[in-house]
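Working notes, beginning with the structure itself.
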Amino acid sequence: MHYDFNHEKRMSTSPNLTSFLINKTFINRNLMALKITEECINCGACEPECPNHAIYEGGIEWSVADGTTVTGSYVLLDGSVVDASARLTPLSSDTYYIVPNKCTECQGFHEEPQCSSVCPVDCCVLDPEHQEVIDALIARKEALHA
Ligand code: SF4
Ligand code: SF4
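Take a look at the structure:
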């Protein structure tokens, strides 16, 4: 079961209370990058919504530079260094996929993950294997859009 990002919205009709509950929810839960499960129907709706261009069609190579301002060398989460414009191995060949190195949970852009908001089959879910902290997500957003 994935985290229901819209639950708190549905539970309140007060804009101020809604905003408070959303922020409280984000503070109280663990932060983490999102992933796309094999339930993906390859509709493509999520890809253009990502502010970091972290979403790719299955089989398509990704790069740090796509949709960002990064040039030159870039340090990935595993400590390896890549050229930002290098085309890197797809993380999935069958379905759309999310690059954890570029996902910021939409921090700095939107109040909730946009991919999860638009996915018709709710297969954009939190990825427990990529736990994050808010400072790291904000720093990643700043690094990707300097
Ligand atoms: S949560 Fe936001 S930044 Fe991460 S993949 Fe989804 S749309 Fe992109
Ligand atoms: S919106 Fe959902 S079903 Fe459509 S491509 Fe993205 S993850 Fe797959």
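Under the UniProt record's numbering, the first residue of the sequence shown carries the number 1, and numbering increases by one thereafter.
For every residue, glycine included, the Cβ atom is placed at its ideal position computed from N, Cα and C.
Unbroken alpha helix (DSSP H) run spanning residue i, endpoints
i: glutamate 142; result: 134-144
Reduced DSSP category for residue i - H, G, I as helix; E, B as strand; rest coil
i: asparagine 28; result: For asparagine 28, the predicted model reports a pLDDT of 47, less than 50, meaning its position is unreliable; a value from the coordinates is still stated below. If DSSP states are grouped into helix, strand and coil, asparagine 28 belongs with the helices.
i: cysteine 115; result: helix
i: proline 128; result: strand
i: isoleucine 22; result: Unreliable placement is indicated for isoleucine 22, whose pLDDT of 40 sits below 50; no coordinate value is reported for it.
N- and C-terminal bounds of the beta strand (DSSP E) containing residue i
i: aspartate 83; result: 81-83
i: cysteine 73; result: Reading the sequence as shown, one finds serine at residue 73 and not cysteine. Counting along the chain, the beta strand (DSSP E) containing serine 73 begins and ends at 73-75.
Closer than 8 Å: residue i CB and nearest ligand 1 heavy atom
i: cysteine 124; result: yes
i: proline 120; result: no
i: isoleucine 98; result: yes
i: leucine 91; result: no
Contact belief for residue i with residue j at Cβ below 8 Å, rounded distance in angstroms
i: tyrosine 96; j: glutamate 47; result: 7 Å
i: lysine 141; j: threonine 89; result: Not really, about 24 Å apart at Cβ, beyond 8 Å.
i: aspartate 31; j: proline 113; result: The sequence given here has leucine at residue 31, not aspartate. Actually they are not in contact, since the Cβ atoms of leucine 31 and proline 113 sit about 11 Å apart, beyond 8 Å.
Ligand 2 heavy atom lying under 8 Å from the CB of residue i
i: threonine 71; result: no
i: asparagine 42; result: yes
i: isoleucine 36; result: yes
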